[in-house]
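**Q** Take this structure first; my questions come after.
Chains as they are written, first to last, in the numbering used here: chain A, 1 to 390; chain B, 1 to 390.
As structure tokens, this is what we get:
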């Protein structure tokens, strides 16, 4: 990995932003309108006397580089990754676009501080619901200092990382106008047990108030956000396939960021939920070995999310769907776990959601008895009902 | 998990062997012809003054239970697993059949020692080639004692476990009459680096002498043993699918045992290579979480073996095969990594080996130019040649 300092000039000239120097941050703000991001859920935050990430509100995210080798490692990773032709395009989309580095003057007068300039993957959305999940049952790596290893080892054991294979670093959920924003304390969410992690992952895709700890999450958005061919689960499965094969990078202590806008989901149509990989100050070379630590944790997260899709709370039975059979005879398409047989139309002129893949069991379907005209009868409505035992 | 002692009588009566008590091991040997297994590659061994596994030469393997809770944990696991209806049949075949427990008198006069009675997965074969691979980048688990955790942690870092996700616990390879048996020192093989592990995995499926450290392994048996729809890789992939889903057991510190008989491979036909999971004294309950530690290590092993299949040393180019096209037009069936296009017959009256799956690149093929009569022309012979850049 290249040493940042020696490559600084070259990096600056390779990318679109020439070095920009301002006398003070206020002047910088006037020019580029940098501000503290509202929707940051994990990692260092900009405060008085403490450098933190900044955004320009136009799609760029400025991350100050730590002055130890973590900063240079992250730049070196992004530089290597950006120009690595062995990374397939369908994988590249999971990484923030790299816009080089930029020197900005520190507000405390300490001088110029190099910043990583990245695609802002969150702030482009209004009222984003965001979760940062650090992947891997160990966040340390063999090449690290013994002191670092021991600190991470202790933290992995104290948080959910060791036994779940991942930990939630932070999250925020936009409820409705009444409930507002739920942004629980980071130290709390990192130490959640398996059941509580499940609840948080359900709250992430629910419409009822997340802040109410006694309220069962309704998982209303589970299929829109987690499910479907472009949902979060599908994206995680694409990543999983790459991690089963790539031996170039070990993404130690990296996070999966999951983002979507509740507004878009409520309006219908695709949720546009995105998965991004972020935070690369501890990336090491793969040296021909897959990142089995990351992969194991990713598979564990995939299992948690899959379970939410296949058995949302209200769904007490798995149903088997049929193709459009005019006689409405019961046809089981994937009967392994079916506990009830129902006949459903495969096209429904009134309902938006049509179940086509029996693996996913959502909470709303239009059910009917065997009715030759394919009308929804008393067991179903056009609005959809929850599946229950028939 | 059940406490062994209290369940001892029940266990004995549940299985086919009543408690057998002998006055001395010699008498036992006379009755059941127990002997020390020849082909054990890892784990405790029976010696003067030290209990170890015994076999009866008729398919049973007797493993003395350690007197701490490891013994009871292993019995509890086998008992639970044997009667667990949630384990699919295609997964059950990867576990040794459990025949209950049996009390045998210790040769040192110390009394009756409970033994686990299992299917002997190795000794039924003549001259087996065997490898024991301990799976997982950590061999410890959260529920263990702090002392145990620290000892395992140290060993995982000193061996290949941490960075590869697995370590070779032991192996033996039958060469030919000249080279005989190669059974390297266990402590050596556990600490191999990635490149040396690759060499050992190649030696495992090679016909030339494994003991000669300067000799490049020829990978002659790679496709028969590792490849094909019933080969070792296919079996590992079946296991992988189960580990992505099952949340019942965490197989801490368990091994994958790979076994085949070189004789059978040389005679042609299927290699009958088997994968078995063994050694369950440290199994803990999954409690709804996948065994991401085991899964990560298993995927790493799968990657190593896949690479041997797709790029054996003599194979310098990956070729794409065709279905039987009478006009011998080039048809790419899986072109992702293909660097050369060739036309091959899918039925060849003279060659035994016909490549049908382009994922595997073996060393012998019959190549031809486009010859309408499907005769092998000057680029190929009936014996087969190595694929080289054309």
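Cβ coordinates follow ideal geometry from the N, Cα and C atoms, glycine included.
Going by C-alpha to C-alpha distance, which of B:155, B:146, B:47 and B:125 sits closest to residue 191 of chain B?
**A** As a position in the second chain, residue 191 of chain B is number 191, starting the count at 1. Out of B:155, B:146, B:47 and B:125, B:155 has the C-alpha closest to the C-alpha of residue 191 of chain B.
**Q** How would you list, in chain order, the residues of chain A whose beta-carbon sits under 7 angstroms from the beta-carbon of residue 70 of chain B?
**A** In the second chain, the residue the question calls residue 70 of chain B occupies position 70. In chain order: nothing, as chain A lies at least about 21 angstroms away.
**Q** Can you list, in chain order, the residues of its chain with a C-beta nearer than 8 angstroms to that of residue 245 of chain A? Leave out the 5 residues immediately preceding and following it.
**A** What you label residue 245 of chain A is simply residue 245 of the first chain in a count that begins at 1. Closer than 8 angstroms at Cβ, skipping near neighbours: 290.
**Q** Under a three-way DSSP split, which group does residue 87 of chain B fall into?
**A** As a first step, residue 87 of chain B must be located in the second chain, where it is residue number 87. In the structure shown, residue 87 of chain B sits in coil (DSSP, three-state: anything other than H, G, I, E or B).
**Q** For residue 203 of chain B, which residues from the same chain have a beta carbon less than 7 angstroms from its beta carbon, with the 5 sequence-adjacent residues on both sides left out?
**A** As a position in the second chain, residue 203 of chain B is number 203, starting the count at 1. For residue 203 of chain B, where only same-chain residues beyond five positions count, the Cβ hits under 7 angstroms are 173, 210 and 217.
**Q** Okay, do the region 254 to 272 of chain A and the region 125 to 133 of chain A touch, 3+ Cβ pairs below 8 angstroms being the bar?
**A** Counting Cβ pairs under 8 angstroms, three or more are found: they touch.
**Q** Let's test the definition: count the other Cβ atoms within 10 Å of the Cβ of residue 120 of chain B and tell me whether it reaches 16, buried, or not, exposed.
**A** Taking the second chain and counting its residues from 1, one reaches residue 120 of chain B at position 120. By the 10 Å Cβ count, residue 120 of chain B comes out buried.
**Q** Following the continuous alpha helix (DSSP H) through residue 289 of chain B, name the residue where it begins and the one where it ends.
**A** Here the question's residue 289 of chain B lines up with position 289 in the second chain. Looking at the DSSP string, residue 289 of chain B is not in any alpha helix (DSSP H), and its letter there is neither H nor E.
**Q** Go to residue 62 of chain B, then tell me how far its alpha helix (DSSP H) extends in each direction, as first and last residue.
**A** One-based indexing of the second chain puts residue 62 of chain B at position 62. Looking at the DSSP string, residue 62 of chain B is not in any alpha helix (DSSP H); the run it does join, the beta strand (DSSP E), is 60 to 64.
**Q** According to the Cβ coordinates, are residue 296 of chain A and residue 164 of chain B closer than 8 angstroms?
**A** Walking along the first chain from the start, residue 296 of chain A turns up at place 296. Walking along the second chain from the start, residue 164 of chain B turns up at place 164. Taking 8 angstroms as the Cβ cut-off, residue 296 of chain A and residue 164 of chain B do not qualify as a contacting pair.
**Q** I want to see whether chain A comes within less than 8 angstroms of residue 293 of chain B, judged by CB atoms only; does it?
**A** The residue given as residue 293 of chain B occupies position 293 in the second chain. It does; some Cβ of chain A falls within 8 angstroms.
**Q** In angstroms, rounded to a whole number, what distance separates the CA positions of residue 63 of chain B and residue 128 of chain B?
**A** As a working mapping, residue 63 of chain B is identified with position 63 in the second chain. As a working mapping, residue 128 of chain B is identified with position 128 in the second chain. Roughly 20 angstroms separates the two Cα atoms.
**Q** Just confirm the distance between the C-beta atoms of residue 309 of chain A and residue 233 of chain A, as a whole number of angstroms; I'd bet it's less than 8 angstroms.
**A** Position 309 of the first chain holds residue 309 of chain A. Position 233 of the first chain holds residue 233 of chain A. Their Cβ separation, rounded to whole angstroms, is 6 angstroms, which keeps residue 309 of chain A and residue 233 of chain A in contact under 8 angstroms.
**Q** Hey, is residue 157 of chain B's beta-carbon within less than 8 angstroms of any beta-carbon in chain A?
**A** The count along the second chain starts at 1 and reaches residue 157 of chain B at position 157. Chain A, which has a Cβ nearer than 8 angstroms to the Cβ of residue 157 of chain B, makes this yes.
**Q** Based on Cα-Cα distance, which residue from B:113, B:117 and B:103 lies nearest to residue 82 of chain B?
**A** Position 82 of the second chain holds residue 82 of chain B. For residue 82 of chain B, the nearest C-alpha among the options comes from B:117.
**Q** Short of 6 angstroms in beta carbon distance, which residues of its chain neighbour residue 170 of chain B, apart from the five on each side in sequence? Order them along the chain.
**A** Locating residue 170 of chain B in the second chain gives position 170, where the first residue counts as 1. Result list for residue 170 of chain B: 41, 42, 132 and 186, in chain order.
**Q** By Cβ distance, which residues of its chain are closer than 7 angstroms to residue 180 of chain B, with the 5 residues on each side in sequence left out?
**A** Mapped onto the second chain, residue 180 of chain B falls at position 180. Cβ within range, chain order: n/a, list empty.
**Q** Please confirm whether residue 241 of chain B has its beta-carbon closer than 8 angstroms to some beta-carbon of chain A.
**A** Here residue 241 of chain B is taken as the residue at index 241 of the second chain, counted from 1. Taking Cβ atoms only, chain A never reaches closer than 8 angstroms to residue 241 of chain B, which makes this a no.
**Q** Going along chain A, which residues have a C-beta under 9 angstroms from residue 202 of chain B?
**A** As a position in the second chain, residue 202 of chain B is number 202, starting the count at 1. Ordered by position in chain A, no residue passes the 9 angstroms Cβ test against residue 202 of chain B, which lies about 14 angstroms from the chain.
**Q** Starting from residue 225 of chain B and walking both ways along the beta strand (DSSP E), at which residues does that stretch end?
**A** As a first step, residue 225 of chain B is located in the second chain; it is residue number 225 there, counting from the start. Segment: none, residue 225 of chain B is in no beta strand (DSSP E) and carries neither H nor E.
**Q** Would you list the one or two residues that DSSP bridges to residue 134 of chain B?
**A** Against the second chain, residue 134 of chain B aligns to sequence position 134. DSSP, once it has assigned bridges, lists B:167 and B:255 as partnering residue 134 of chain B.
**Q** Does any CB atom of chain A fall closer than 8 angstroms to the CB of residue 244 of chain B?
**A** Residue numbering aside, residue 244 of chain B sits at position 244 when the second chain is read from its first letter. With 8 angstroms as the cut-off, residue 244 of chain B counts as an interface residue toward chain A.
**Q** If you follow the beta strand (DSSP E) that residue 101 of chain A is in, where does it begin and where does it stop?
**A** Residue 101 of chain A sits at position 101 when you count from the first residue of the first chain. Looking at the DSSP string, the run of the beta strand (DSSP E) that includes residue 101 of chain A is 98 to 105.
**Q** Would you kindly work out how many angstroms separate the C-alpha atoms of residue 94 of chain A and residue 286 of chain A, rounded to a whole number?
**A** On the first chain, residue 94 of chain A is found 94 positions in, with the first residue counted as 1. On the first chain, residue 286 of chain A is found 286 positions in, with the first residue counted as 1. Their backbone Cα atoms lie some 19 angstroms apart in a straight line.
**Q** Mind pulling the chain A residues with CB within less than 7 angstroms of residue 144 of chain B?
**A** For this step, residue 144 of chain B is matched to residue 144 along the second chain. Result: empty, since nearest Cβ-Cβ is about 12 angstroms, beyond 7 angstroms.
**Q** Is there a Cβ from chain B that is less than 8 angstroms from the Cβ of residue 137 of chain A?
**A** Counting from one through the first chain, the residue named residue 137 of chain A turns up at place 137. Yes, residue 137 of chain A lies at the interface with chain B (some Cβ there is under 8 angstroms from its Cβ).
**Q** Under 9 angstroms Cβ-Cβ, which residues of chain B neighbour residue 299 of chain A?
**A** Taking the first residue of the first chain as 1, we reach residue 299 of chain A at position 299. Near residue 299 of chain A (Cβ distances below 9 angstroms), the residues of chain B are 243, 244, 290, 292, 295, 296 and 299.
**Q** Could you tell me whether any Cβ in chain B is nearer than 8 angstroms to the Cβ of residue 148 of chain A?
**A** One-based indexing of the first chain puts residue 148 of chain A at position 148. So, not an interface residue.
**Q** Under 7 angstroms, CB to CB, which of the residues in the region 93 to 110 of chain A have a partner in chain B?
**A** Those residues of the region 93 to 110 of chain A that come within reach of chain B (Cβ to Cβ, closer than 7 angstroms) do not exist; the list is empty.
**Q** Let me check understanding here. Comparing Cα to Cα, which of B:235, B:144 and B:141 lies closest to residue 298 of chain B?
**A** As a first step, residue 298 of chain B is located in the second chain; it is residue number 298 there, counting from the start. It is B:235.
**Q** If we count the other Cβ atoms within 10 Å of its Cβ and call it buried at 16 or more, is residue 267 of chain B buried or exposed?
**A** Working through the second chain from its first residue, we reach residue 267 of chain B at position 267. When all chains shown are included, residue 267 of chain B counts as exposed.
**Q** Would you report the Cα separation of residue 12 of chain A and residue 240 of chain B, rounded to the nearest angstrom?
**A** Along the first chain, one-based indexing puts residue 12 of chain A at 12. Along the second chain, one-based indexing puts residue 240 of chain B at 240. At residue 12 of chain A, the pLDDT of 28 sits below 50, so the modelled position is not reliable; the number obtained from the coordinates is stated separately. The alpha-carbon atoms of residue 12 of chain A and residue 240 of chain B are separated by roughly 45 angstroms.
**Q** Counting only Cβ pairs nearer than 9 angstroms, list the residues of chain B close to residue 234 of chain A.
**A** The residue you call residue 234 of chain A lines up with position 234 of the first chain. What residue 234 of chain A touches in chain B: nothing, since even the nearest Cβ is about 15 angstroms away.
**Q** For residue 310 of chain B, which of helix, strand or coil comes out of DSSP?
**A** Locating residue 310 of chain B in the second chain gives position 310, where the first residue counts as 1. It is helical.
**Q** What is the DSSP secondary structure of residue 261 of chain B, reduced to helix, strand or coil?
**A** Within the second chain, the letter at position 261 stands for residue 261 of chain B. In the structure shown, residue 261 of chain B sits in a strand (DSSP, three-state: E or B).
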